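One structure below.
In full-length UniProt numbering, the protein residues as written are 1 to 651.
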């Protein structure tokens, strides 16, 4: 529904022969109410407008959006360009116009030398409006979007811009800037109708949620990587007003009763977190010493513990990851593994042949396969292209990435391909350097991650509930603060969970992080404790600086590539030990972490200093290991550390 329309709104471009002479581009400005979203749309009046010239947003590494005009011939090739990667994900975040590949700023021109411009954006992305008057008497407006993206000035040659401002004020609150009276600032805290996170779980009728279900990676990776946070504004906009919305705690309790049966909202004294240290990565010598003459792993629990505490040296990953991911059985011999690889190779190429042998005519009648192929081809060209393994054109790594993902569609046609899977496959293929091994390791990884990509997204819903439960036990005060800022449902952790921190750490750190998580130590759902560790590390800054909803999202987003993986692993392990050592660990938390009730209460035998600082871990988690934590003065006892090292000697 068009709620405002004005002709005679011009853009003054500088495309004339004389740099001092403006080219006037006449256009029509509309404000459109589309599915409860207010869109501001300007386009030229020229009926011959080439839609390929619609403005595209390109994003650099600092999240600053630049406006470029994209010629038609560039658009047709842009999808194959690595540089289109950020634009594809992030353009829809700041502005809601059609997707177009990013070009490098070439100006669209026609035979008459004029440029044609077109743009639209959602009011949720508007930051400010600058209003001014020309000497000739007409007024003009400059829209500034979040991230300081400025659109071309719109000159109202016919009529005044006041009617537009009045129209916009029906949907947003505009306040005059104290520094410049010409600038109207958007007050995002007022007149924003609110939709609670309850709708994410229980109300599938909202358009954004449908997008989230259909294509979670695009929505979260695009929306969450921008400070504009369009996704969160959409979550919070519905017919329900803020006053009618149930309190956060009530909603959280309702969700948890549904998904985790019970959520304890009272604070439990967990005691202090123990000091934890990590060791060097497992070396080739250590790995070889723990293998018999036939190639069997002698002590699986021991080697898993070593990997958990230090990770693997890179030369071992190609072999060890096959065990960690379940491709190779831990008790298999070298000969049994060779036979398994032979069978799996045959099986892989049979599936690969299925899609390779589909003719063009057949594919025309198979829309799902066409969609899978199109999405895969698009994603392959923008996955880890800065990594040497995937950089450049006609890279064999890209071909393997494509073929493995297409073959996975044959392996699991119901799920097929969902955006985000390429991010999970990329490190696996990088390590394996082998198409068949990478495929079967990826299959095993997808067995763990499958629910994240299913249409109902039950896995994501459950993880967000579980994370909230753990964080509340760990720090109820922080949870209360987040709730007071409308952030209690931890939206900002969605990307972390969806693709296991792939975008939060450097490529090499992800290799370390994933292999540690794959040991399934020290408890199940250790990745949720990693989330807790990151949030707890940022708690002081968030609370001390009184961050609100938008500031929290911005801060969390800007942590990407700045997190110390070893520090977070230590902190997450300390949290796990802290919870295991709790005498009154709630049953709901025990179920999340897989801790049996008999394992919750630690042995009462204190250390020699009487501090009671020795943790009794469940045997299934730390077999035959007595783990020292801290002495009374908060420092690690070096004698206990030596004892620990001795206890790790394989039988």
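Heads up, the beta-carbon is just placed ideally off N, CA and C, and yes, glycines get one too. Please read these numbers as outputs of a predicted model, since none were measured by experiment.
- Query: Is the stretch 269–286 touching the stretch 578–587, taking contact as three or more C-beta pairs under 8 Å?
  - Reply: yes
- Item | C-alpha distance - residue 169 paired with residue 478, whole-angstrom precision | 35 Å
- Task: Using three-state DSSP, classify residue 674 as helix, strand or coil.
- Result: Residue numbering for the chain in the displayed model covers 1 to 651; residue 674 lies beyond these limits and cannot be assessed.
- What residues match up with residue 538 in a beta bridge as DSSP calls it? Bridge partners of residue 538: none, in fact.
- Message: In the DSSP output, which residue or residues are listed as bridge partners for residue 140?
- Response: 132, 155
- C-alpha gap between residue 452 and residue 406, whole angstroms: 19 Å
- Message: DSSP has residue 6 in a bridge; who is on the other side?
- Response: 29
- Message: So, for residue 276: in the same chain, excluding its five sequence neighbours on each side, which residues have a beta-carbon less than 6 Å away from its beta-carbon?
- Response: 570, 573, 574
- Query: Got a sec: is the Cβ-Cβ distance from residue 572 to anything in chain C below 8 Å?
  - Reply: Although the question refers to chain C, the structure presented lacks it and comprises just one protein chain.
- Could you spell out where the alpha helix (DSSP H) holding residue 277 opens and where it closes? Careful: residue 277 lies outside any alpha helix (DSSP H) and carries neither H nor E.
- Item | the stretch 325–336 / the stretch 290–301 touching (three or more Cβ pairs under 8 Å) | yes
- Query: For the alpha helix (DSSP H) that contains residue 122, what are its first and last residues?
  - Reply: Looking at the DSSP string, residue 122 is not in any alpha helix (DSSP H); the run it does join, the beta strand (DSSP E), is 119–122.
- Query: Between the C-alpha atoms of residue 314 and residue 374, what's the straight-line distance to the nearest angstrom?
  - Reply: 34 Å
- Is it buried or exposed for residue 513, if we count other Cβ within 10 angstroms and need 16 for buried? buried
- Query: Mind checking whether residue 123 and residue 40 have CB atoms under 8 Å apart?
  - Reply: yes
- Outcome for residue 24 when other beta-carbon atoms lying within 10 angstroms are tallied against a minimum of 16: exposed
- For residue 155, does the count of other Cβ atoms within 10 angstroms reach 16, so buried, or fall short, so exposed? buried
- Message: Quick check on the burial criterion: 16 or more other C-beta atoms within 10 angstroms. Buried or exposed for residue 505?
- Response: buried
- Message: Three Cβ pairs or more, each shorter than 8 Å: is that satisfied between the stretch 428–443 and the stretch 392–404?
- Response: yes
- Query: Is residue 203 helix, strand or coil by DSSP?
  - Reply: Caution is warranted here: a pLDDT of 36 is assigned to residue 203, below 50, making its placement in the model unreliable, and no coordinate value can be reported.
- Query: For residue 150, which three-state DSSP category applies?
  - Reply: strand
- Decide if residue 382 is buried, meaning its Cβ has at least 16 other Cβ atoms within 10 Å, or exposed. buried
- How is residue 361 classed by DSSP in three states: helix, strand or coil? helix
- Query: Given a threshold of 16 other Cβ atoms within 10 Å of its Cβ, counted over all protein chains shown, does residue 515 qualify as buried or as exposed?
  - Reply: buried
- Message: Which residues does DSSP list as the beta-bridge partners of residue 39?
- Response: 32, 122
- Task: Decide if residue 413 is buried, meaning its Cβ has at least 16 other Cβ atoms within 10 Å, or exposed.
- Result: exposed
- Message: Could you compute how far the alpha carbon of residue 418 sits from the alpha carbon of residue 449?
- Response: 12 Å
- Taking the beta strand (DSSP E) that residue 185 falls in, what are its first and last residues? 183–187
- Item | Exposure of residue 330, with buried meaning 16 or more beta-carbon neighbours within 10 Å | exposed
- Task: Specify whether the stretch 278–286 and the stretch 479–499 touch according to this definition: at least 3 beta carbon pairs, one from each stretch, less than 8 Å apart.
- Result: no
- Item | Among 380, 476, 415, nearest to residue 455 - alpha-carbon criterion | 415
- Hey, how far is the Cα of residue 377 from the Cα of residue 402? 7 Å
- Item | Cβ neighbours of residue 620 in the same chain (closer than 7 Å, five flanking residues each side left out) | Reliability of the predicted coordinates at residue 620 is poor, the pLDDT of 39 falling under 50, and the value obtained from them is presented with this limitation in mind. The answer is none, since no qualifying residue turns up.
- Query: Hey, how far is the Cα of residue 30 from the Cα of residue 12?
  - Reply: 18 Å
- Query: Unbroken beta strand (DSSP E) runs of length 3 or more, entirely within the stretch 551–587: which are they?
  - Reply: none
- When the Cα of residue 181 is compared with those of 128, 474, 153, which residue comes out closest? 128
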